[in-house]
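Below: one structure, written as structure tokens.
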Amino acid sequence: VALWTLAGIGVGMLVGAFNGFFIAVLRMQPIVVTLSTMFILQGVTLLVMDKPGGFVSPDLGAFYLGDAIAGWIPMPLVVIGVVLLGWFWLKGTRFGTALYAVGSDPDAAASVGVRVVLVRFLVYVIAGGCYGLAGVFISAQTGSGDPLVGNPLLLS
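Just add 741 to the spot in the sequence shown (first one is 1) and you have our numbering.
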């Protein structure tokens, strides 16, 4: 289970790095790059899948929808803990401050020495990892590896 979770996060981070390169370094429009990447990856996934929807082991769902430590810590508490750690990381580190600065005013951030391109690139990599983890959670919940499961939520 841990290996597949890390694989999902890793693939998400690779896709995030791909998007981040085109958006942060080549300065292309984010909506165009991310939607294009999504359509390409959905097409490739549908092309290589054995059967529509794929198959996800019930063990994955049992792990993520049950207890992290049997009878002691439910998985939602682990997720809440990870979110709180991320929040503290954003509030208490130099990178978090740089991220807030770039999000508020990239020109002002650059004038005080923040490497705007690097921060934007890293944010896409981190976001890709989060999306990969979200994909693992959705696959665990639905028991399917269908790449079209999120289409109704697109741009909503």
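Cβ atoms here follow ideal geometry from the backbone N, Cα and C, with glycine treated the same way.
query	result
Contacts around Gly833, its chain only, beta-carbon distance under 8 Å, and the 5 residues preceding and following it disregarded	none
Buried versus exposed call for Val742 [16 or more other C-beta atoms within 10 Å across all chains shown]	exposed
Under the three-state DSSP convention, the category Ala748 falls into	helix
Ile810 versus Leu747 - alpha carbon distance	19 Å
Val819 versus Arg835: straight-line alpha-carbon distance, rounded	25 Å
Supposed close pair Val857, Ala850 - CB separation, criterion 8 Å	6 Å
Backbone CA spacing between Pro815 and Pro799 [nearest angstrom]	18 Å
Beta-bridge pairing of Asp846 - partner residues as DSSP gives them	None, per the DSSP bridge assignment.
Residue of Pro893, Gly794, Gly749 and Arg861 minimising C-alpha distance to Tyr841	Arg861
Contacts around Ala839, its chain only, beta-carbon distance under 6 Å, and the 5 residues preceding and following it disregarded	Val855 and Val860
Contacting residues, own chain, Cβ-Cβ under 6 Å from Asn760 (five flanking each side not counted)	Val774, Thr775, Thr778 and Tyr865
Those runs of the alpha helix (DSSP H) which lie wholly inside the region 766-829 and span at least 4 residues	771-789 and 799-806
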